[in-house]
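Chains A, B and C are the protein sequences, given in the same order.
Sequential numbering from 5 applies to the first sequence in our numbering.
Sequential numbering from 9 applies to the second sequence in our numbering.
Sequential numbering from 4 applies to the third sequence in our numbering.
All residues carry an ideal CB built from backbone N, CA and C; glycine is no exception.
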Amino acid sequence: MYATTYIKAKDLADAVSQLKSADEGKLLAGGQTLIPTLKQRLTSSDRLIDLTDTGLSGISDEGSSIRIGAMTRHVEVETSELVKSTIPALAALAGGIGDRQVRNCGTIGGSVANNDPSACYPSALLALGATVHTDKRDIAAGDYFTGMFETALDDDEVITAVSFPKPEAASYVKFPNPASRYAMVGVFVAKTSSGVAVAVTGAGQDGVFRHGGLEAALNSSFSAESVDGVAVDDSVLMSDMHASADYRAHLITQMTKRAVATC
Amino acid sequence: MRWISKMSESAIKYGIGALDRRIENRKVLIGECRHTDEVNRKVQLLAYSLHPNVAHNGTAKAALKIGVKEI
Amino acid sequence: MTAVKITVNGQAFEHNVPDNTLLVSFIRETLGLTGTHVGCDTSQCGACVVHIDGRSVKACTMLAAQADGSEITTIEGIANGDELHPMQKAFHENHGLQCGYCTPGMVMSAIELVGENKKLTEKQIREGLEGNICRCTGYHNIVKSVQAAAHEMDI
C-alpha cells in the first residue's frame with residue numbers, strides 16, 4: 005500500500021471538511037473493496053477518512069419505508085428483525101454478499117457509493133425505488149446510478165442513509181461467481197403499488213439497470229411463465245472471462261423466473 | 009510436520025484401505041507453527057529461484073540486470 | 004504515524020505504526036504473533052481471520068489504525084493454558100487439517116459460527132466458511148471438526 009494518512013472523522017461535518025481539504029481524499033466505510041484495492045496499489049489516497057465514528061449506523065422504521073444508515077454493516081441488515089419482517093428480500097440479499105468476514109465489515113453506504121457493476125445492493129435500490137440521502141440532498145435511485153462505478157455523487161458528497169419503501173412483495177436471486185460471490189447476474193424483482201420493477205446487476209455494461217420488457221410482461225401477468233417470451237438484448241451486456249454476454253442474457257431470464265417464483 | 013500414525017493398528021483392525029486415524033500436530037493448532045516466512049534472522053541468506061514461464065524469454069538476463077548473482 | 008492502542012488476547016499494547024500498516028502486519032510483525040497467517044494478496048483466503056470485539060474479520064482487510072481501541076483475539080489466545088479450545092480439539096481429533104496453513108483462520112471463523120448457532124447443518128457450516136480457503140483437505144474433515152466442536156460446545 006502506498007503511504008497515506010489515516011484520519012478517524014469525529015462527525016459528519018469533520019468528514020466532509022477533511023474530504024474537501026485533501027488532494028485525493030477517500031472515505032473509508034467498511035473497507036472491504038477499498039482496502040484490497042489500496043493494498044494491491046490499484047489506487048492510492050493521500051487521506052483516508054474513516055466514517056466509523058460519524059454516527060451513520062442503524063436501521064429505523066419510517067412508516068411506509070425503512071431507513072438504513074450508510075455505515076450499517078451487511079450483517080446488521082441480514083439479521084435485522086425489522087428488515088426481515090418488512091423487506092425479507094433485502095435481508096436475504098445482504099446475507100448473500102461476499103462471505104461472513106466481508107459482511108461483518110462491509111457497509112451499505114460503501115457498496116452504494118462504489119457502484120460496482122456486480123454488487124448486489126444497487127439492484128435493490130433501483131427495483132424498490134429507494135432514496136439515497138446525502139449530506140446535501142436526497143437522490144432517487146433512478147437518478148443515482150449513472151454508469152459503471154459512476155454515481156450522481158459530487159466529489160465532496162457523503163451518503164448518510166438509504167431509504168427503502170416497503171414493497172408488497174420482493175425477491176432477489178443471483179447467480180454468484182463461485183470464487184468472489186459477486187453477482188454474475190443478479191435480479192431484484194419488486195411488486196409495489198406502482199407496478200412491478202425488475203432491476204438487473206452484474207450484467208450491464210453501464211452497471212445496474214431496469215429491464216422494461218421484463219417489467220411489461222410481469223405487469224400483464226405476474227408469473228414465471230410470462231417471462232419466457234421476453235427478448236433480452238445481449239448487445240448492452242458485459243462479456244468477460246466469467247461469462248459471455250449471450251450467457252448473461254440467458255441468466256437474466258432464468259434469475260427473473262426464479263425471483264418471480266419466490267416473490 | 010510430524011504425524012502420529014496409528015496405521016499399523018488400524019490396518020490390523022480394519023484391513024487394507026481402512027481410514028487411517030491421525031492426530032494433528034498441536035503446534036499448528038495453537039499458532040506456534042513456524043513457516044519459512046517467519047524466520048527472520050539478522051544475518052540471513054536468502055535465495056530466490058527465478059523461473060521463466062516461457063523458455064528462453066530472457067528472465068535470467070533481466071535478473072542479472074537488477075543485481076541477482078549467477079551461481 | 005498513528006498511535007494504536009489495542010488489547011490482544013487480554014494483553015494491552017500501544018505502538019506507533021505507519022498509517023498504511025495492515026492489521027495483520029501489526030499482529031505478525033509488530034506484536035510477533037505469527038499464528039495469524041497471510042495466504043493471499045486479495046482478501047480471499049481467510050488465513051488471517053481474527054476476532055475484533057467478538058466478530059470475525061480478515062486482518063488483512065483492515066488497517067491497524069482502524070482497530071485502535073478494540074479487543075482482538077487471535078489463534079494464540081483461545082486455548083486455556085494447556086487445554087485446547089473445543090474447536091482446536093475437534094480439528095486435532097478429526098484430522099481437520101493437513102498442512103495447517105489455513106487452520107488458524109478456519110478455527111477463528113468456525114468459533115464465531117458455532118457461537119451463533121450450535122445446531123449447524125453441514126450446509127450452514129460450508130456456507131459459513133465460504134471466506135476460508137483450504138487447499139489440502141477438500142473441506143470434508145473441516146466440516147466434521149466443526150460439527151464435532153458444535154456438539155461439544157452445546158453440552
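Contacts with chain C at 7 Å (Cβ-Cβ) include A/Ile39. Taking a 10 Å sphere around the C-beta of C/Asp56, we find fewer than 16 other C-beta atoms and assign the residue as exposed. Positions of the beta strand (DSSP E) runs, each at least 3 residues long and wholly inside the region 164-200 of chain A, are given as 173-180, 187-196 in order along the chain. At a cut-off of 7 Å between beta-carbon atoms, C/Gly80 makes no contact with chain A. Taking 7 Å as the cut-off, the Cβ atoms of A/Ala74 and A/Gly102 do not count as close. Judged by DSSP secondary structure, C/Phe94 falls within the alpha helix (DSSP H) whose first and last residues are 89-96. Your pair A/Ala235 and A/Ser243 does not check out as a contact, with CB atoms roughly 18 Å apart and the cut at 8 Å. Look at C/Glu133: its C-beta is under 7 Å from a C-beta on chain A. By the C-beta criterion, the region 118-127 of chain A is judged not to be in contact with the region 71-78 of chain C, since fewer than 3 inter-stretch pairs fall below 8 Å. Here A/Ala221 has Ser230, Val231, Gly233, Val234 as same chain residues with Cβ atoms under 8 Å from its own Cβ, once five neighbours each way along the sequence are excluded. Near chain B, meaning a CB-to-CB distance below 7 Å, no residue of the region 143-154 of chain C qualifies. Close partners of B/Val76 in chain C (Cβ separation under 8 Å) are lacking, with about 23 Å as the shortest Cβ gap.
Residue range 143-157 is occupied by the alpha helix (DSSP H) that includes C/Gln150. Proximity of the region 252-267 of chain A to the region 189-203 of chain A meets the contact definition, three or more beta-carbon pairs being nearer than 8 Å. A/Val79 and A/Ala98 have their C-alpha atoms spaced approximately 7 Å apart.
Taking the Cβ atoms as the reference, A/Thr135 lies roughly 6 Å from A/Ala144, within the contact range of under 8 Å. In the DSSP assignment, the residues bridged to C/His54 are C/Ser59, C/Thr76. Taking C-beta separations shorter than 8 Å and ignoring five residues to either side along the sequence, the partners of C/Lys8 in its chain run Ala15, Phe16, Glu17, Asp71, Gly72, following chain order. If you draw a straight line from the Cα of A/Arg185 to the Cα of A/Gly100, it is about 8 Å long.
Rounded to whole angstroms, the Cβ separation of A/Leu31 and A/Val162 is 6 Å, and the two are in contact under 8 Å.
Within a 10 Å sphere around the beta-carbon of A/Val240 sit fewer than 16 other beta-carbons, which makes this residue exposed. At a cut-off of 7 Å between beta carbons, A/Thr205 makes no contact with chain C. Remark: C-beta atoms of C/Val117 and C/Ala62 do not approach each other more closely than 7 Å. Residues of the region 55-73 of chain C with a Cβ closer than 8 Å to any Cβ of chain A, in chain order: Arg58, Ser59, Val60, Lys61, Cys63, Thr64, Met65, Leu66, Ala68, Gln69, Asp71. Here A/Asp158 has Lys140 as same chain residues with Cβ atoms under 8 Å from its own Cβ, once five neighbours each way along the sequence are excluded.
In terms of beta-carbon proximity, A/Gln209 stays away from the interface with chain C, with every pair separated by 7 Å or more.
A contact between stretches requires three or more CB pairs, one per stretch, nearer than 8 Å, and the region 122-132 of chain C fails this requirement with the region 90-100 of chain C. Secondary structure of A/Arg252 (DSSP, three-state): helix.
Residues of the region 106-137 of chain C with a C-beta atom less than 9 Å from some C-beta of chain B are Thr106, Pro107, Val110, listed in chain order.
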